[in-house]
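Colleague: This note's numbering applies: residue 8 is where the sequence shown begins, and numbers increase by one.
Structure below; questions to follow.
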Amino acid sequence: MCYVGVLLTATLAFQWLEAKPEDVGMSSRKLERMCRALREEAKLNALVVIRHDRIVYEWYGSNYGRHVHHHTASLAKALIGGVTLIMGLGDERLKLNDYVWKYVPQWRTHPLKSKITIFHLATHSSGLEDSTPRTRGTWKEQFWKYPHHYRIARDVAPVLFEPGTKFHYSNTGMAMLAYCIAGAYK
């Protein structure tokens, strides 16, 4: 997870440039229509469109704004599952077809966890049960409170199906992906 902090810290001094949609090959009219529909359908609090490294559309609901701290929720998934995974692949620290037990030795002999690959974690097809809903008194509640949630994902979260056979959104899978990427850089 240290990469997330580095990436976020690096962006604090960064200032986005702005442009009119037409300056980057877009139609203001079409963009406004599309964004209005998206805001209404998705019930968004904020929407920013960036093209060619320029902000071409920026909208905030009441009590939100450019300088207001936003709850980032799953933003870390984009950084972990996207940027840091690509860095790890590019640095040849790990491969998509690596078995996770390479980074999590405890999984090597588990009947299902031993079959999970980095690809399965990155695509939510590992079979690891998600940590929602947060059922009181269960590991799912503890996952969100525990200071090292990857330990719960690693040691407690069950596998619901044969890895790679279906999609199942998994916060625990993303925690394990972060764990593997960090392990690849040790």
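Glycine included, every Cβ here is placed at the ideal spot set by N, Cα and C.
Taking 8 Å as the threshold (C-beta atoms), are H175 and L184 in contact?
Modeller: Contact flag unset, no.
Colleague: Do you know offhand how far F180's Cα is from L45's?
Modeller: It should be noted that the sequence gives Gly, not Phe, for residue 180. About 29 Å.
Colleague: Can you give me the C-alpha to C-alpha distance between R43 and N70, rounded to a whole angstrom?
Modeller: Using only the alpha carbons, I get a separation of about 18 Å.
Colleague: Per DSSP, what kind of secondary structure is R141 in: helix, strand or coil?
Modeller: Looking at R141 - three-state DSSP - the assignment turns out to be coil, as it is neither helix nor strand.
Colleague: Would you call the CB atoms of V63 and M33 closer than 8 Å?
Modeller: Yes, the pair counts as a contact, with Cβ atoms nearer than the cut-off.
Colleague: With C-beta atoms as the reference, is C187 less than 8 Å away from L119?
Modeller: Result no, Cβ atoms of C187 and L119 do not sit closer than 8 Å.
Colleague: Between the Cα of Q22 and the Cα atoms of A191, D98, K84, R73, which residue gives the shortest distance?
Modeller: Nearest of A191, D98, K84, R73 to Q22, Cα basis: R73.
Colleague: Quick one: grab the DSSP three-state call for V11.
Modeller: The pLDDT assigned to V11 is 42, lower than 50, so where the model puts this residue is not dependable; a value taken from the coordinates is nonetheless given after this. In the structure shown, V11 sits in a helix (DSSP, three-state: H, G or I).
Colleague: With C-beta atoms as the reference, is A129 less than 8 Å away from W146?
Modeller: In this structure, W146 does not lie closer than 8 Å to A129 by Cβ.
Colleague: Expressed to the nearest angstrom, what Euclidean distance is found between the alpha-carbon atoms of Q149 and H131?
Modeller: In a straight line, the C-alpha of Q149 is about 21 Å away from that of H131.
Colleague: Return the first residue and the last residue of the alpha helix (DSSP H) that R36 is part of.
Modeller: That run of the alpha helix (DSSP H) goes 35-49.
Colleague: DSSP three-state label for W146, please.
Modeller: Correct three-state label for W146: helix.
Colleague: Which whole-angstrom value is the C-beta distance of A53 and G68, which I expect to be below 8 Å?
Modeller: Right, their Cβ atoms sit about 7 Å apart.
Colleague: Quick check on the DSSP output: the alpha helix (DSSP H) that includes A53 runs from which residue to which?
Modeller: Where A53 is concerned, there is no enclosing alpha helix (DSSP H), although the beta strand (DSSP E) it sits in stretches over 53-58.
Colleague: Is E29 helix, strand or coil by DSSP?
Modeller: Helix, per DSSP.
Colleague: Specify, as a first and last residue, the run of the beta strand (DSSP E) that Y64 falls within.
Modeller: Element bounds for Y64: 61-67.
Colleague: Mark T91 as exposed unless 16 or more other C-beta atoms lie within 10 angstroms of its C-beta, in which case mark it buried.
Modeller: Flag for T91 reads buried.
Colleague: Tell me whether Y157 sits in a helix, a strand or coil according to DSSP, three-state version.
Modeller: In this structure, Y157 counts as helix in the three-state DSSP scheme.
Colleague: Any idea what DSSP makes of V107, helix, strand or coil?
Modeller: In this structure, V107 counts as helix in the three-state DSSP scheme.
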